[in-house]
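Visitor:
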Amino acid sequence: MKRVRLAAILFLVLITGTAFSAGFVAPASYARQFRDIPDASASRQHPLGTDDLGRDRLSRVLVGTRISLLLAPAAALLSTALAALIGGVAGLAGGWVRTVVMSATDLFLSLPWLFLLLTVRAFLPLNTSPLLSVVITFAILGCLGWAGAARIICADARELCGSEFILSARASGSHGIHLLRRHILPNLQPILFAQFWISIPVFILTEANLGILGLGVAEPLPSWGNLIRELEGFTVTSAPFWIFVPLILLILTVSCFQLALQKEDLWA
Amino acid sequence: MGLRRHRFCFALSLLLATVLCSPLHGQNQLRFCIGAQPTTFDPLLVADGPSETVRYLTGGVLVRLDRSSQQLVPELATSWTINRTGHAITFELRQNVRFSDGTPFDARDVAYTMERLMDPNLHSPTGDAFRSSDGKVTTTIDGEYRITITFPAPVVGLDQLFDQVAILSARSPRKEMAVLGPYYVEENKAGSYLLLKRNPSYWKHDAAGRQLPYIDSIRLDIQQNRDVELLRLVRGEIDFINSLTGQQFDQLKSTAPQVAFDAGVSLDSEQIWFNQVPAAPLPGYKKAWFASTRFRRAVSSAIHRDDLARVVFHGHAQPALSLISPANKFWFNARLQPHAYDSKAALQWLAQDGFRLENGVLRDSGGHEVEFSLITNAGNKERELMAAMIQQDLGAIGIRLNVVTLDFPSLIERITRSFNYEACLLGFVNDELDPNAQMTVWLSSADNHQWNPNQKSPATAWEAEIDRLMREQASTLDLKKRKQAIDRVQEIVWEQEPFIYLVNKHALSAVSPNLHNVHPAVLRPQVYWNIEELSFATEIARNR
């Protein structure tokens, strides 16, 4: 099991390193359209061929990987921070505060995510650059993805409050910020880390879902979501293997995120 | 090697499919897909594609537009005459014709149909085309098989409008389910399929005296996903597909060329337009750009339409010129030349309006960087690809284009209500040959005058001129005068480019080789417009 975990971590390090060196490795700009050779097969100039518009697929996969691997953890960080704040406050305060906050969380969980995303996205200003639009897309994902984690953190915080060492800390005069910083947060850290870690593949997949619907990252920026769109349709039945590279990367990465997390972290 | 194996598997499956095709679903039954459940079986209330399919297959009409020759041919009317003023049309009706339930057909049925069609309480979309002015439409029965229909004002293209009017029975207890067309609705499994059976009373016979249609029944499977539809064709589960994308067409063509048909350029167009609504929530300087003919022409010149046709549509489209497609043989203005790609000319147009290119960025006379957004509907791959290509083309003259894909309701909200958008890329699906049907787009007071709808008075001199010409062509029955007016409208639209027409797509279809007498046309319904004459090879062999 340790070997599998090690291999998963190695893969994540490798893919992240490659994606971030896209500027050196990519054979062409991800946006440049070689219009004379759309849908070209793999060649020395284009190792993964070209897409429908003649854009170098390898360059787009590298940049798309960088975007997904950079912004999915950022969205996960945002959602975990929101979950820690909301769940932590509810768990520590207890009583009616906890009831109200958790009811709101339940309501938030029951909302249909995809439609909520579409609605929020429809209200955004149109004239945003592709880069800003991708940041906004992941920020929305981060802002909408806190509810599940908040419930877990709330339950854990509540359990902590009733534990003997917290009672002992209180008895020795520790209160407020000091109690939170010295005793509660360090004990919530494993669960926060686990929530952060398991959120990353969730956000990667959510962006891919949006991308498949054509509502993800704006042209000409690539992401795994809009790269996978190449696979929709009947023509994929006779597609060469290199078209499947973004999908393979997505599956491997999401799997590696799960494998890299130890069982005890998940149950923390 | 892997690619070859894939192609071989694909070719094999197609071969198997074509061999096994219709006998699998047996009993001389034609099968194809429609995108949704028809919303109505009342032919006078048809407003959606699936309902139109059912109307076409089941409805008997007085005259039919031959989709191949684009000429009117007699059906239930053996002849017809329009009076000099264009107010009235007289039909001589075919005798000894019966509805599918055996009820006889005569002039009373036509009178009943017209009365229902023009009933303002029915709100018939088909009836709207006949409403040239206020007043009652009257019918005069001059005998069992002769009827005159009189309108309060002249109606242009009057006889062609009857192609859409399926005649109802005035006496049948089955109401609109009693039909005069080649098929009738036998079974409706909502959300799943529709089964049409051959009309036993259908009046048409072939040269050998055999009653038409040749095919016993039609099964319309409801299938939204176009790729699943194509897979079903390959598996031999359906017999044809009316409309393919260029990519799908090439895929089929490379493996089974006998299956894929390119009928040539269609009436449909793809275009972009700028928001010119005065009350739109846009900065003043952007409104000034979009209102400038030079700016629009510059953008048009900077778009490489040939590349769009070649790359996005795989060569199955051609650069569009104006509101009438070259597929519309009579009304197209052949004097117009395609807008050539010319980025230098684009910069010259812009320079005349005070724009200047500085370090690869275009700025207007006020120093504003030229940047705007282009919205289109998400999920339409061809439009998304076109937008990406236009983005690069405009980038070459220093314009930064932000492509935004929106879900369809949000897009419609922006272009029809809030007007909170800058430019839009959409297509027009056109079924009518007569340009009079486009009055709702070209009159400045119209709802669908997309760049600036519902104007109280024309905002520009050229819009006023288009209004005048469109009204002029609508008020005369002189075909030559009408053609002159429409030609001039096409020229004005070509010069002013309120819509920057991009391409006219080809009508692409796929048909099982087992289906005979298929002559795909550019007009809808492309494949089955001659449904009575279609037959299966296996059935022909059996009859021999």
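Respectively, the protein sequence lines represent chains A and B.
Sequential numbering of the first sequence, starting at 1, is according to the numbering used here.
Sequential numbering of the second sequence, starting at 1001, is according to the numbering used here.
Built from N, CA and C at the ideal position, the CB exists for glycine as well.
1) What residue range is occupied by the uninterrupted beta strand (DSSP E) comprising residue 1189/B?
2) Just the chain D side, please: which residues come within less than 7 Å of residue 220/A by C-beta, in chain order?
3) Taking the alpha carbon of residue 33/A as the reference point, which residue from 56/A, 20/A, 49/A, 15/A has its own alpha carbon closest?
4) If you draw a straight line from the C-alpha of residue 193/A to the C-alpha of residue 150/A, how long is it?
5) What are the boundary residues of the alpha helix (DSSP H) that residue 1422/B is part of?
6) Any chance you could list the beta strand (DSSP E) runs of at least 3 consecutive residues sitting entirely within the stretch 1077 to 1142 of chain B, in chain order?
7) Quick check: the stretch 1303 to 1312 of chain B against the stretch 1455 to 1467 of chain B, are there 3 or more CB pairs under 8 Å?
8) What do you get for residue 43/A, buried or exposed, if any count of 16 or more other CB atoms within 10 angstroms of its CB means buried?
9) For residue 1462/B, which of helix, strand or coil comes out of DSSP?
10) Where residue 1192/B and residue 1221/B are concerned, what is the direct C-alpha to C-alpha distance, given to the nearest angstrom?
11) Strictly below 8 Å CB to CB, what residues from chain A border residue 1422/B?
12) Measuring only between beta-carbons, confirm whether residue 1100/B sits less than 8 Å from chain A.
13) Sort 1097/B, 1078/B, 1534/B, 1506/B by Cα distance to residue 1202/B and report the nearest one.
14) Below 8 Å between beta carbons: does that hold for residue 184/A and residue 205/A?
15) Would you grab the beta carbon distance between residue 1268/B and residue 1429/B for me? Rounded to a whole angstrom, and I think it's under 8 Å.
16) Quick check on residue 216/A: does DSSP put it in helix, strand or coil?
17) Is residue 71/A near residue 138/A, with beta carbons less than 8 Å apart?
18) Once DSSP output is grouped into helix, strand and coil, what is the label at residue 1303/B?
19) Compare the C-beta of residue 81/A against all C-beta atoms of chain B and say whether one is closer than 8 Å.
20) Give the range of the beta strand (DSSP E) segment to which residue 1266/B is assigned.
21) Is DSSP giving residue 95/A helix, strand or coil here?
22) Any idea if residue 1286/B is buried or exposed, counting beta-carbon neighbours within 10 angstroms, 16 or more meaning buried?
23) Quick one: does residue 1373/B have its CB under 8 Å from some CB of chain A?
24) When burial is assigned at 16 or more other CB atoms within 10 Å of the CB, is residue 1036/B buried or exposed?
25) Assuming the contact rule is C-beta atoms closer than 8 Å, residue 1406/B and residue 1423/B should be a hit. Round their C-beta distance to whole Å, please.
26) Return helix, strand or coil for residue 223/A, following the three-state DSSP convention.
27) Per DSSP, which residues does residue 1372/B bridge with? Please list them.
28) How would you list, in chain order, the residues of chain A whose beta-carbon sits under 9 Å from the beta-carbon of residue 1410/B?
29) For residue 273/A, return the contacting residues in chain B, with the cut-off set at a CB-CB distance below 8 Å.
30) Say whether chain B places a C-beta atom closer than 8 Å to the C-beta of residue 238/A.
31) Using the rule of at least 16 other Cβ atoms within 10 Å of the residue's Cβ for burial, across every protein chain shown, is residue 96/A buried or exposed?
32) Could you give the distance in angstroms between the alpha-carbon of residue 111/A and the alpha-carbon of residue 218/A?
33) Hey, how far is the Cα of residue 1189/B from the Cα of residue 1028/B?
34) Quick check on residue 35/A - is its C-beta less than 8 Å from some C-beta in chain B?
35) Along the chain, which unbroken stretches of the alpha helix (DSSP H) at least 4 residues long are found entirely within the stretch 8 to 69 of chain A?
36) Give the single residue among 1433/B, 1039/B, 1521/B, 1344/B whose Cα lies nearest to the Cα of residue 1486/B.
Guide: Concretely, from the data shown:
1) 1183 to 1189
2) Absent from the structure: chain D. Protein chains present are A and B.
3) 56/A
4) 13 Å
5) Looking at the DSSP string, residue 1422/B is not in any alpha helix (DSSP H), and its letter there is neither H nor E.
6) 1077 to 1082, 1088 to 1093, 1138 to 1141
7) no
8) exposed
9) helix
10) 6 Å
11) 126, 127
12) no
13) 1097/B
14) no
15) 5 Å
16) coil
17) yes
18) coil
19) no
20) 1260 to 1274
21) helix
22) buried
23) yes
24) exposed
25) Not really, about 13 Å apart at Cβ, beyond 8 Å.
26) coil
27) 1401/B
28) 118, 119, 121, 122, 123
29) In the structure displayed, chain A extends from 1 to 268; residue 273/A sits before or after that span and is not available.
30) yes
31) exposed
32) 25 Å
33) 20 Å
34) yes
35) 22 to 25
36) 1433/B
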